[in-house]
Amino acid sequence: MRWACILCLLTLPAGWAAAQEGAAVGGAPVETAVAGADAGEAPLGQPAEPAPPAPFPAPAGATARDKPNDGGGAIAIRWQPVPGAMAYRIERAGEDGAFVPVGAASALENAYEDRVEDGVAYRYRVVALGPAGEEGASPATLPARSRPQWFNGDLTGVALSVVAFILVVAWFIRRARRGEQLFVRRIAGLEAVDEAVGRATEMGRPVLYIPGTGRIEDIATVASMNVLGEIAKKTAEFGTPILVPNRDPVVFTVSREVVKGAYTAAGRPDAYDPNSVFFLVENSLAFAAAVDGIMVRERPATNFLLGSFFAESLILAEVGASTGAIQIAGTDQVPQLPFFVVACDYTLMGEELYAASAYLSREPLMLGALKGQDAGKLLFMALLVAGTIFSLITGLDAGWLLSTSGY
Amino acid sequence: MNLSTDIWVWVGVFLTFCIYSFLYRDNPFYKFGEHLFVGVSNAFTLSFMVHRIIIPILVRPFTEAWRTAGSEGLSAGLFNPYAPSNFLVIIPGVIGCFYFARFIPGLTWLVRIPIALFMGYYVGRSVPAYLEGSVFPQMRGTMLTQASFDPAQGGILGGIFALLVLVGVIGTLTYFFFSKEHKGVVKWGAQTGIVFVMVGFGASFGFTVMARVSLAIGRFIFILRDALGIVT
Chain A
596 MRWACILCLL
606 TLPAGWAAAQ
616 EGAAVGGAPV
626 ETAVAGADAG
636 EAPLGQPAEP
646 APPAPFPAPA
656 GATARDKPND
666 GGGAIAIRWQ
676 PVPGAMAYRI
686 ERAGEDGAFV
696 PVGAASALEN
706 AYEDRVEDGV
716 AYRYRVVALG
726 PAGEEGASPA
736 TLPARSRPQW
746 FNGDLTGVAL
756 SVVAFILVVA
766 WFIRRARRGE
776 QLFVRRIAGL
786 EAVDEAVGRA
796 TEMGRPVLYI
806 PGTGRIEDIA
816 TVASMNVLGE
826 IAKKTAEFGT
836 PILVPNRDPV
846 VFTVSREVVK
856 GAYTAAGRPD
866 AYDPNSVFFL
876 VENSLAFAAA
886 VDGIMVRERP
896 ATNFLLGSFF
906 AESLILAEVG
916 ASTGAIQIAG
926 TDQVPQLPFF
936 VVACDYTLMG
946 EELYAASAYL
956 SREPLMLGAL
966 KGQDAGKLLF
976 MALLVAGTIF
986 SLITGLDAGW
996 LLSTSGY
Chain B
273 MNLSTDIWVW
283 VGVFLTFCIY
293 SFLYRDNPFY
303 KFGEHLFVGV
313 SNAFTLSFMV
323 HRIIIPILVR
333 PFTEAWRTAG
343 SEGLSAGLFN
353 PYAPSNFLVI
363 IPGVIGCFYF
373 ARFIPGLTWL
383 VRIPIALFMG
393 YYVGRSVPAY
403 LEGSVFPQMR
413 GTMLTQASFD
423 PAQGGILGGI
433 FALLVLVGVI
443 GTLTYFFFSK
453 EHKGVVKWGA
463 QTGIVFVMVG
473 FGASFGFTVM
483 ARVSLAIGRF
493 IFILRDALGI
503 VT
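One line per chain: the protein sequences are A and B, in this order. So in my numbering, the last spot in the first sequence is 1002, and the numbers never skip. So in my numbering, the last spot in the second sequence is 504, and the numbers never skip.
The following block contains the structure:
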């Protein structure tokens, strides 16, 4: 059956080509598209007339309407399946009223999405194709026009979640600003930051801060920028040189601004060295090779590897460990975390990296965001348990509430 | 042995040994390989950006719009952001040029405009995308239903597996809950979570190491087959 369907779909283009030729000659395009198996032979010297296709049940309930929740340019066609149909051919009529084939669907499908021009009225009909080339065309649908929507209704749940999250974060920020002490549990890797920077100061060596190899849009890179600000404040206070090599030009620009701002905030703008934050190269493995060179030549006492890391993570962490530096690493890239765990002294796993900036700075804005995330996690845990209990008792799937594809 | 006569193969072999020489210690060969790698990569990136981004996306639409305006006069179509030739590309172009403002001492502050736009846009875009693409589907997949115990999905064993996933997810979320000290029930939840996390790390570690070993094998095959012709 499956092979028959595939065969039927493969032969469709030939049928369309025949239909187009028929239209070009002046004949009706669709009716002559597929020749019947029992076409009669014509007398010598006269062109053969194609036999009309044998009748086949037509799909019922064919509808065409603008595809909802999209940016326009699409009409959704639906129909009721015909038992025994091998495939379906979808035909479209524009302003001239002539139907032309625009697509095909397998016997298992009962929907088709047609790419069209916005604002133009189109009518459709669906032709069911039988096993011997029989055809059954549905009546033409009512005219449908495509148009873009301003609001994607499928994402209403996401929009509500984002608004709720913002409100919760704002509420926690307000509490923190009023002086309320918001508790954050101890995170071992972050407790060691002072010790790590202090060690570099005592040894008279620089601190190396690698903000990952991700782009600025990565959440881990944004978190890393916040942590960089706090660590740069400490190096400014201690008078310890900091080196910040960058892989991405935009991250480089942000890093530079963050370090400069941190030195100013620490009251040491004069100690800021513009050359301490520099761009190396965009290729991540070339970046790893260059940073390895910095590690063995500059011999920093402390390495921070915080941000998005990929294949280069172990190359960086191994070389850093071989130089004897204290290493504090953190990323939200799960496949890279095991390498950091084995090669670094402290590892911030995923969410701990996001929490790091709030933990170090204790600023109300960041504490509010951290508390908001915690509230979100608590809500998700409660939803998981409640949804599971509901689904097991009623036999319904509570997960559909979280579905974002409504159509 | 069937030595390669292709000079570029031997250049590749030389550079491979230059990089591998770092396993012994930092040395002039490694420095040469490292600097060449960085230089070539930067040159490639610069060329790519100019020919694939700046010219087709910024320069060409603007110059074509300019030419059209000269021959046919100004029209609304030349300010349509979706048109292949339009004047609006100049706006992101100028904002992008603000990155170079740091070279002009009095105008350094201008660099904050593209940074703010870039970060605001991407952070705003990534949060809903994260909820839609990651959080909601994973929550849906984690919830236990009667279908989890369906014989077609593994029956009782499939149900137990689904229950393990649920326990693992709740335990892991508990570990990453920062508002409570890990004491009492929270401690038990967090310890359960970290067990699941470490099991996941172990599997991931083994899988990734295999991939790295295959990369090393690829280099050895290059030397032994392409250069020396020892293996086929």
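Every residue, glycine too, gets a C-beta built ideally from N, C-alpha and C.
Run of the alpha helix (DSSP H) containing residue i, from where it starts to where it stops
i      : result
F934/A : 932-938
I923/A : Not the alpha helix (DSSP H): I923/A falls in the beta strand (DSSP E), residues 921-926.
E825/A : 814-833
R673/A : Not the alpha helix (DSSP H): R673/A falls in the beta strand (DSSP E), residues 669-673.
T942/A : It is not in any alpha helix (DSSP H) - T942/A instead sits in the beta strand (DSSP E) that spans 941-944.
F390/B : 384-402
F334/B : 332-344
E850/A : Correcting the residue type first, residue 850/A is Ser in the shown sequence and not Glu. First-last of the alpha helix (DSSP H) with S850/A: 844-860.
T504/B : Looking at the DSSP string, T504/B is not in any alpha helix (DSSP H), and its letter there is neither H nor E.
Local conformation of residue i per DSSP, three classes
i      : result
N898/A : strand
L803/A : strand
D691/A : coil
G349/B : helix
M482/B : helix
M961/A : helix
E729/A : coil
L416/B : coil
R781/A : coil
L639/A : With a pLDDT of only 49 at L639/A, under 50, the local geometry of the prediction cannot be trusted, and the value read off the model is given with reservation. Three-state result, L639/A: coil.
P696/A : strand
T918/A : coil
Q615/A : The predicted position of Q615/A is uncertain, since its pLDDT is 42 and thus under 50; no value can be drawn from it.
S701/A : strand
A499/B : helix
A739/A : strand
A634/A : Residue confidence is low: A634/A scores 37 on pLDDT, short of 50, so the model does not pin down where it sits. Its coordinate-derived value is still stated next. Coil at A634/A, not helix or strand.
G405/B : helix
Per-residue contacts from residue i into chain A (C-beta, under 8 angstroms)
i      : result
I505/B : The requested residue 505/B is not part of the displayed model; chain B covers only 273 to 504.
Y354/B : Chain A residues near Y354/B: none, gap ~11 angstroms exceeds 8 angstroms.
T317/B : V876, E877, N878
V485/B : Going along chain A, no residue has its Cβ under 8 angstroms from V485/B, so there is no contact; the nearest lies around 12 angstroms.
V285/B : Neighbours of V285/B on chain A: none; closest Cβ ~18 angstroms, over 8 angstroms.
Extent of the continuous beta strand (DSSP E) to which residue i belongs
i      : result
P840/A : 837-841
T658/A : 658-661
T724/A : Residue identity differs from the one stated: residue 724/A is Leu in this sequence, not Thr. Looking at the DSSP string, the run of the beta strand (DSSP E) that includes L724/A is 716-724.
Y296/B : Here Y296/B belongs to no beta strand (DSSP E), and DSSP marks it neither H nor E.
E708/A : 706-710
F760/A : Counting along the chain, F760/A falls outside any beta strand (DSSP E), though it belongs to the alpha helix (DSSP H) covering 751-772.
F874/A : 872-874
Residue closest to residue i, alpha-carbon to alpha-carbon, out of the options
i      : options                        : result
S756/A : G456/B, F408/B, F370/B, W282/B : F408/B
M411/B : V441/B, S398/B, L389/B, F448/B : V441/B
P930/A : R491/B, F492/B, V485/B, G472/B : G472/B
S741/A : E712/A, G725/A, V721/A         : E712/A
M976/A : F448/B, I493/B, F372/B, K455/B : F448/B
P933/A : F905/A, R863/A, G731/A         : F905/A
R772/A : L960/A, S850/A, Y707/A         : L960/A
Within chain B, partners of residue i - CB distance below 7 angstroms
i      : result
L803/A : Correct list: empty, because the minimum Cβ distance to chain B is about 16 angstroms.
T983/A : M415, L416, L438
M997/A : This sequence places Leu at residue 997/A; Met is not what is there. What L997/A touches in chain B: F408, M411, R412.
Within chain B, partners of residue i - CB distance below 8 angstroms
i      : result
P930/A : S476, F479, T480
R892/A : D298
S986/A : M415, L416, T417, Q418
V757/A : V399, P400, L403
E852/A : V383, R384, I387
Contacts of residue i in chain A (Cβ-Cβ under 7 angstroms)
i      : result
Y394/B : I811, E812
Y371/B : T848
K452/B : R780
K459/B : Here the premise fails: no neighbours, minimum Cβ distance about 11 angstroms.
Interface residues of chain A facing residue i [CB-CB closer than 9 angstroms]
i      : result
S313/B : V876, E877, N878, L880, A881, F882
F359/B : Under the 9 angstroms cutoff, chain A gives no residues; its nearest Cβ is about 23 angstroms from F359/B.
Problem - Selection of the segment 413-436 of chain B by Cβ proximity to chain A, strictly under 8 angstroms - result: G413, T414, M415, L416, T417, Q418, A419
Handout entry: Chain-ordered residues of the segment 932-946 of chain A with a beta carbon less than 9 angstroms from chain B
Key = L932, P933, F934, V936, V937, M944, G945, E946
Exercise for the section: Quick one: which residues of the segment 760-788 of chain A get their C-beta closer than 9 angstroms to a C-beta of chain B? List them in chain order. Expected result: F760, L777, F778, V779, R780, R781, I782
Practice task
With 7 angstroms as the C-beta to C-beta threshold (strictly closer), list the residues of the segment 909-920 of chain A near chain B in chain order.
Solution key: none
Exercise for the section: Compile a chain-ordered list of the residues in the segment 321-345 of chain B whose CB is closer than 7 angstroms to at least one CB of chain A. Expected result: none
Handout entry: Residues from the segment 869-885 of chain A in contact with chain B, defined by Cβ distance under 7 angstroms
Key = L875, V876, E877, N878, A881, A884, A885
Problem - chain B contacts from the segment 836-850 of chain A (Cβ-Cβ distance under 9 angstroms) - result: P844, V845, T848, V849
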